[in-house]
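Visitor: Please find one structure pasted underneath; my questions will follow.
Numbering (my numbering), first residue to last: 58 to 309.
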(Lines of atoms letter the chains of each structure in order from A; the text may use other names.)
(Lines give C-alpha, C1' and ligand atoms only; values in the text may rest on other atoms or scores of the structure.)
Protein backbone atom coordinates (compact mmCIF):
# COMPACT_ATOMS: atom_id res chain seq x y z
CA UNK A 58 0.00 0.00 0.00
CA UNK A 59 1.00 3.61 -0.53
CA UNK A 60 -0.36 6.97 0.53
CA UNK A 61 0.22 10.46 -0.81
CA UNK A 62 2.85 12.31 1.19
CA UNK A 63 0.49 15.28 1.52
CA UNK A 64 -2.24 13.06 2.98
CA UNK A 65 0.10 11.49 5.53
CA UNK A 66 1.48 14.87 6.64
CA UNK A 67 -2.01 16.34 6.93
CA UNK A 68 -3.07 13.45 9.18
CA UNK A 69 0.04 13.65 11.36
CA UNK A 70 -0.42 17.41 11.77
CA UNK A 71 -4.09 16.94 12.66
CA UNK A 72 -3.51 14.05 15.05
CA UNK A 73 -0.79 15.90 16.99
CA UNK A 74 -2.47 19.32 16.81
CA UNK A 75 0.89 20.78 15.84
CA UNK A 76 -0.50 24.08 14.51
CA UNK A 77 -1.67 25.01 18.02
CA UNK A 78 1.73 24.53 19.70
CA UNK A 79 4.48 27.14 19.71
CA UNK A 80 7.91 25.56 19.41
CA UNK A 81 11.62 26.16 18.82
CA UNK A 82 11.55 24.57 15.35
CA UNK A 83 9.11 23.95 12.50
CA UNK A 84 6.89 20.95 13.14
CA UNK A 85 5.70 18.78 10.29
CA UNK A 86 7.27 18.31 6.87
CA UNK A 87 10.81 19.72 6.98
CA UNK A 88 12.19 18.17 3.79
CA UNK A 89 9.96 17.07 0.90
CA UNK A 90 10.77 13.82 -0.87
CA UNK A 91 8.90 11.55 -3.26
CA UNK A 92 5.12 12.11 -3.47
CA UNK A 93 4.11 8.60 -2.40
CA UNK A 94 4.97 6.90 0.89
CA UNK A 95 5.11 3.15 1.39
CA UNK A 96 7.75 2.73 4.09
CA UNK A 97 8.42 4.89 7.15
CA UNK A 98 11.63 4.74 9.14
CA UNK A 99 11.42 6.41 12.53
CA UNK A 100 14.08 7.39 15.05
CA UNK A 101 14.72 9.87 17.82
CA UNK A 102 17.04 12.25 15.94
CA UNK A 103 17.63 12.88 12.24
CA UNK A 104 21.32 12.12 12.60
CA UNK A 105 23.51 10.99 9.73
CA UNK A 106 23.50 7.48 11.20
CA UNK A 107 19.69 7.35 11.07
CA UNK A 108 19.57 8.75 7.54
CA UNK A 109 22.10 6.18 6.33
CA UNK A 110 20.08 3.41 7.95
CA UNK A 111 16.91 4.76 6.33
CA UNK A 112 18.58 4.69 2.91
CA UNK A 113 19.60 1.09 3.54
CA UNK A 114 16.01 0.27 4.52
CA UNK A 115 14.63 1.90 1.34
CA UNK A 116 12.55 4.37 3.33
CA UNK A 117 10.32 6.92 1.65
CA UNK A 118 9.96 9.02 4.78
CA UNK A 119 12.02 9.54 7.92
CA UNK A 120 9.98 10.39 11.03
CA UNK A 121 11.80 11.90 14.03
CA UNK A 122 11.41 13.83 17.26
CA UNK A 123 14.55 15.93 16.76
CA UNK A 124 14.64 17.39 13.27
CA UNK A 125 16.32 20.47 11.84
CA UNK A 126 16.08 24.28 11.60
CA UNK A 127 16.11 25.11 15.30
CA UNK A 128 15.51 28.67 16.46
CA UNK A 129 18.78 30.59 16.71
CA UNK A 130 20.93 28.09 14.81
CA UNK A 131 23.16 29.10 11.90
CA UNK A 132 20.94 28.93 8.78
CA UNK A 133 23.84 28.24 6.40
CA UNK A 134 23.74 24.83 4.71
CA UNK A 135 27.32 23.78 5.39
CA UNK A 136 29.22 20.95 7.06
CA UNK A 137 27.11 18.43 8.94
CA UNK A 138 23.84 20.07 7.92
CA UNK A 139 24.83 20.00 4.24
CA UNK A 140 25.69 16.31 4.41
CA UNK A 141 22.43 15.42 6.13
CA UNK A 142 20.26 17.38 3.70
CA UNK A 143 22.23 16.03 0.73
CA UNK A 144 21.46 12.49 1.87
CA UNK A 145 17.73 13.21 2.07
CA UNK A 146 17.60 15.03 -1.27
CA UNK A 147 19.81 12.56 -3.13
CA UNK A 148 17.58 9.66 -2.10
CA UNK A 149 14.32 11.60 -2.43
CA UNK A 150 13.36 10.88 1.20
CA UNK A 151 11.05 13.15 3.17
CA UNK A 152 11.81 14.29 6.71
CA UNK A 153 8.85 14.64 9.07
CA UNK A 154 9.65 16.00 12.53
CA UNK A 155 7.59 16.77 15.64
CA UNK A 156 9.14 18.21 18.78
CA UNK A 157 6.83 19.60 21.49
CA UNK A 158 3.67 18.18 19.85
CA UNK A 159 5.18 14.75 20.33
CA UNK A 160 6.15 15.48 23.94
CA UNK A 161 2.67 16.50 25.06
CA UNK A 162 0.30 14.25 23.09
CA UNK A 163 -2.07 12.31 25.31
CA UNK A 164 -1.77 9.01 23.39
CA UNK A 165 1.57 8.80 21.56
CA UNK A 166 3.43 11.52 23.46
CA UNK A 167 6.87 10.84 24.88
CA UNK A 168 5.75 11.42 28.45
CA UNK A 169 2.67 9.20 28.24
CA UNK A 170 4.63 6.47 26.47
CA UNK A 171 7.40 6.59 29.08
CA UNK A 172 4.79 6.20 31.81
CA UNK A 173 3.67 2.97 30.16
CA UNK A 174 7.24 1.68 30.09
CA UNK A 175 7.73 2.46 33.80
CA UNK A 176 4.28 1.34 34.97
CA UNK A 177 3.25 4.78 36.21
CA UNK A 178 -0.43 5.72 36.31
CA UNK A 179 -0.80 9.21 34.83
CA UNK A 180 -2.75 11.59 37.05
CA UNK A 181 -2.29 14.93 35.30
CA UNK A 182 0.10 17.69 34.23
CA UNK A 183 3.12 18.57 36.31
CA UNK A 184 1.94 22.17 36.60
CA UNK A 185 -1.84 22.51 35.99
CA UNK A 186 -1.56 26.32 35.96
CA UNK A 187 1.06 26.42 33.20
CA UNK A 188 -0.12 25.01 29.85
CA UNK A 189 3.44 25.19 28.48
CA UNK A 190 4.73 22.67 31.03
CA UNK A 191 5.14 19.38 29.23
CA UNK A 192 5.78 17.10 32.23
CA UNK A 193 3.32 14.85 34.05
CA UNK A 194 2.66 13.51 37.53
CA UNK A 195 1.46 10.06 38.44
CA UNK A 196 1.64 7.24 40.92
CA UNK A 197 3.07 3.74 41.26
CA UNK A 198 0.96 0.72 42.00
CA UNK A 199 2.83 0.24 45.25
CA UNK A 200 5.51 2.19 47.06
CA UNK A 201 9.13 1.20 46.47
CA UNK A 202 12.57 2.40 47.46
CA UNK A 203 14.41 4.84 45.19
CA UNK A 204 16.94 2.14 44.32
CA UNK A 205 14.21 -0.33 43.39
CA UNK A 206 12.58 2.25 41.14
CA UNK A 207 15.96 3.04 39.57
CA UNK A 208 16.34 -0.67 38.82
CA UNK A 209 12.92 -0.62 37.13
CA UNK A 210 14.08 2.31 34.99
CA UNK A 211 17.28 0.49 34.07
CA UNK A 212 15.39 -2.66 33.12
CA UNK A 213 12.87 -0.76 30.99
CA UNK A 214 15.28 1.59 29.22
CA UNK A 215 18.33 -0.64 28.97
CA UNK A 216 20.78 1.79 30.56
CA UNK A 217 21.86 2.59 34.10
CA UNK A 218 20.30 5.87 35.26
CA UNK A 219 21.84 8.52 37.46
CA UNK A 220 20.11 8.35 40.86
CA UNK A 221 20.14 11.03 43.53
CA UNK A 222 18.60 9.07 46.35
CA UNK A 223 16.25 10.69 48.85
CA UNK A 224 15.26 9.16 52.15
CA UNK A 225 11.59 8.41 51.53
CA UNK A 226 9.77 5.67 49.64
CA UNK A 227 8.56 6.39 46.12
CA UNK A 228 4.84 6.47 45.44
CA UNK A 229 4.18 9.73 43.63
CA UNK A 230 6.35 10.52 40.60
CA UNK A 231 6.83 13.55 38.38
CA UNK A 232 8.64 13.31 35.05
CA UNK A 233 9.52 15.08 31.82
CA UNK A 234 11.42 13.30 29.07
CA UNK A 235 14.51 14.73 27.41
CA UNK A 236 16.00 17.95 28.74
CA UNK A 237 13.30 18.57 31.33
CA UNK A 238 15.48 18.81 34.43
CA UNK A 239 14.47 22.45 34.89
CA UNK A 240 10.96 21.38 35.88
CA UNK A 241 12.20 19.92 39.16
CA UNK A 242 10.91 23.02 41.00
CA UNK A 243 7.39 22.39 39.70
CA UNK A 244 7.78 18.75 40.71
CA UNK A 245 8.62 19.79 44.27
CA UNK A 246 5.52 22.02 44.39
CA UNK A 247 3.44 19.09 43.08
CA UNK A 248 4.52 17.04 46.10
CA UNK A 249 6.27 14.20 44.31
CA UNK A 250 8.61 11.72 45.99
CA UNK A 251 10.79 11.42 42.90
CA UNK A 252 11.34 13.48 39.78
CA UNK A 253 12.68 11.89 36.58
CA UNK A 254 14.02 13.50 33.45
CA UNK A 255 16.38 12.65 30.64
CA UNK A 256 19.18 14.97 31.69
CA UNK A 257 20.56 16.67 34.80
CA UNK A 258 22.17 20.04 35.41
CA UNK A 259 24.57 20.97 38.19
CA UNK A 260 21.85 22.64 40.21
CA UNK A 261 19.50 19.65 39.88
CA UNK A 262 21.48 17.83 42.57
CA UNK A 263 21.00 20.66 45.05
CA UNK A 264 17.30 21.06 44.26
CA UNK A 265 16.67 17.39 44.93
CA UNK A 266 18.80 17.24 48.07
CA UNK A 267 17.53 20.43 49.69
CA UNK A 268 13.89 19.68 48.91
CA UNK A 269 14.07 16.12 50.16
CA UNK A 270 13.11 14.25 47.00
CA UNK A 271 14.81 11.64 44.84
CA UNK A 272 15.87 12.41 41.28
CA UNK A 273 16.69 10.23 38.27
CA UNK A 274 18.36 11.26 35.02
CA UNK A 275 17.60 8.38 32.66
CA UNK A 276 19.05 9.72 29.40
CA UNK A 277 17.68 12.25 26.90
CA UNK A 278 17.69 9.76 24.04
CA UNK A 279 16.56 6.81 26.16
CA UNK A 280 13.49 8.58 27.53
CA UNK A 281 12.38 9.80 24.10
CA UNK A 282 12.48 6.59 22.09
CA UNK A 283 8.86 5.66 22.59
CA UNK A 284 6.76 8.56 21.31
CA UNK A 285 8.11 8.49 17.78
CA UNK A 286 7.66 4.71 17.66
CA UNK A 287 4.04 5.06 18.73
CA UNK A 288 3.41 7.80 16.17
CA UNK A 289 5.01 5.72 13.42
CA UNK A 290 2.84 2.76 14.40
CA UNK A 291 -0.27 4.95 14.34
CA UNK A 292 0.47 6.23 10.83
CA UNK A 293 1.35 2.74 9.61
CA UNK A 294 -1.99 1.39 10.86
CA UNK A 295 -3.92 4.35 9.54
CA UNK A 296 -2.60 4.00 6.00
CA UNK A 297 -1.52 0.33 5.87
CA UNK A 298 2.16 1.23 5.51
CA UNK A 299 5.41 -0.40 6.56
CA UNK A 300 7.08 1.12 9.62
CA UNK A 301 10.53 0.38 11.02
CA UNK A 302 11.93 2.04 14.14
CA UNK A 303 15.72 2.27 14.10
CA UNK A 304 17.49 3.01 17.36
CA UNK A 305 20.84 4.74 16.92
CA UNK A 306 22.27 4.44 20.46
CA UNK A 307 23.16 7.64 22.26
CA UNK A 308 24.51 7.55 25.85
CA UNK A 309 23.50 11.17 26.57
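All C-beta atoms, glycine included, are put in the ideal place defined by N, C-alpha and C.
Do residue 87 and residue 124 have their C-beta atoms within less than 7 angstroms of each other?
Guide: One-based indexing of the chain shown puts residue 87 at position 30. One-based indexing of the chain shown puts residue 124 at position 67. A contact, by the Cβ cut-off of 7 angstroms.
Visitor: Going by DSSP, what residues sit across from residue 60 in a beta bridge?
Guide: Counting from one through the chain shown, the residue named residue 60 turns up at place 3. Answer is 94.
Visitor: Checking the sheet assignment: what are the DSSP bridge partners for residue 177?
Guide: Here the question's residue 177 lines up with position 120 in the chain shown. According to DSSP, residue 177 bridges with 197.
Visitor: If the criterion is Cβ atoms closer than 7 angstroms, does the pair residue 276 and residue 216 meet it?
Guide: As a first step, residue 276 is located in the chain shown; it is residue number 219 there, counting from the start. As a first step, residue 216 is located in the chain shown; it is residue number 159 there, counting from the start. Yes, these two residues count as a Cβ contact at 7 angstroms.
Visitor: Since residue 274 and residue 218 are thought to touch, with beta carbons under 8 angstroms apart, how far apart are those beta carbons, to the nearest angstrom?
Guide: Reading the chain shown from its first residue, position 217 is the one you call residue 274. Reading the chain shown from its first residue, position 161 is the one you call residue 218. With a Cβ gap of about 6 angstroms, residue 274 and residue 218 count as contacting.
Visitor: Run through DSSP, which three-state label would residue 229 get?
Guide: Position 172 of the chain shown, counted from the first residue, corresponds to residue 229. If DSSP states are grouped into helix, strand and coil, residue 229 belongs with the strands.
Visitor: Assign residue 249 to one of three DSSP states: helix, strand, or coil.
Guide: In the chain shown, residue 249 corresponds to position 192, counting from 1. Of the three classes helix, strand and coil, the one that applies to residue 249 here is coil, per DSSP.
Visitor: Could you tell me the distance, in whole angstroms, from the CA atom of residue 301 to the CA atom of residue 193?
Guide: Along the chain shown, one-based indexing puts residue 301 at 244. Along the chain shown, one-based indexing puts residue 193 at 136. Each residue's alpha carbon lies about 28 angstroms from the other.
Visitor: For residue 107, tell me which candidate among 250, 62, 142 and 177 has the shortest Cα-Cα distance.
Guide: Here residue 107 is taken as the residue at index 50 of the chain shown, counted from 1. It is 142 whose Cα lies nearest to the Cα of residue 107.
Visitor: Out of curiosity, what's the CA-to-CA distance linking residue 70 and residue 64?
Guide: Indexing the chain shown from 1 puts residue 70 at position 13. Indexing the chain shown from 1 puts residue 64 at position 7. Cα-Cα distance, rounded: 10 angstroms.
Visitor: Among the candidates 61, 249 and 261, whose CA atom is the shortest distance from the CA of residue 118?
Guide: In the chain shown, the residue the question calls residue 118 occupies position 61. Of the candidates 61, 249 and 261, the one whose C-alpha sits nearest the C-alpha of residue 118 is 61.
Visitor: Which whole runs of the alpha helix (DSSP H) in the segment 106-187 are 4 residues long or more, in chain order?
Guide: 136-147, 157-161 and 167-175
Visitor: Check this for me: beta carbons of residue 85 and residue 75, under 7 angstroms apart or not?
Guide: Your numbering for residue 85 matches position 28 in the chain shown. Your numbering for residue 75 matches position 18 in the chain shown. Cβ atoms of residue 85 and residue 75: closer than 7 angstroms.
Visitor: Tell me the DSSP secondary structure of residue 298 in three-state form.
Guide: Walking along the chain shown from the start, residue 298 turns up at place 241. Correct three-state label for residue 298: coil.
Visitor: Residue range of the alpha helix (DSSP H) that residue 207 falls in?
Guide: If you number the chain shown from 1, residue 207 lands on position 150. That run of the alpha helix (DSSP H) goes 203-214.
Visitor: Buried or exposed: where does residue 246 fall if 16 or more other Cβ atoms within 10 Å of its Cβ makes it buried?
Guide: As a working note, residue 246 is residue 189 in the chain shown. Sixteen is the threshold: since fewer than 16 other Cβ atoms of the shown chains lie within 10 Å of the Cβ of residue 246, the residue is exposed.
Visitor: Look up residue 100 in the DSSP assignment and say whether it is helix, strand or coil.
Guide: The residue given as residue 100 occupies position 43 in the chain shown. The answer is strand: DSSP assigns residue 100 an E or B state.
Visitor: Quick check on the burial criterion: 16 or more other C-beta atoms within 10 angstroms. Buried or exposed for residue 157?
Guide: Walking along the chain shown from the start, residue 157 turns up at place 100. That one is buried.
Visitor: According to DSSP, what are the bridge partners of residue 86?
Guide: In the chain shown, residue 86 corresponds to position 29, counting from 1. In DSSP, residue 86 forms a bridge with 153.
Visitor: Measure the C-alpha to C-alpha separation of residue 186 and residue 120 and round it to an integer number of angstroms.
Guide: The sequence position of residue 186 within the chain shown is 129, counting from 1. The sequence position of residue 120 within the chain shown is 63, counting from 1. So the alpha carbons of these two residues sit roughly 32 angstroms apart.
Visitor: Out of 195, 203 and 207, point me to the one whose CA is closest to residue 229's CA.
Guide: Within the chain shown, the letter at position 172 stands for residue 229. Among 195, 203 and 207, the Cα nearest to that of residue 229 is on 195.
Visitor: What residue from 308, 309 and 304 has the CA that sits closest to residue 109's CA?
Guide: Reading the chain shown from its first residue, position 52 is the one you call residue 109. Selected option, being the one with the closest Cα: 304.
Visitor: Give the straight-line distance between the Cα atoms of residue 78 and residue 251, rounded to the nearest whole angstrom.
Guide: Walking along the chain shown from the start, residue 78 turns up at place 21. Walking along the chain shown from the start, residue 251 turns up at place 194. One C-alpha to the other measures close to 28 angstroms.
Visitor: Could you check which residue in 223, 90, 244 and 256 has the C-alpha nearest to that of residue 150?
Guide: Within the chain shown, residue 150 is the residue found at index 93, counting from 1. The option with the nearest alpha carbon to residue 150 is 90.
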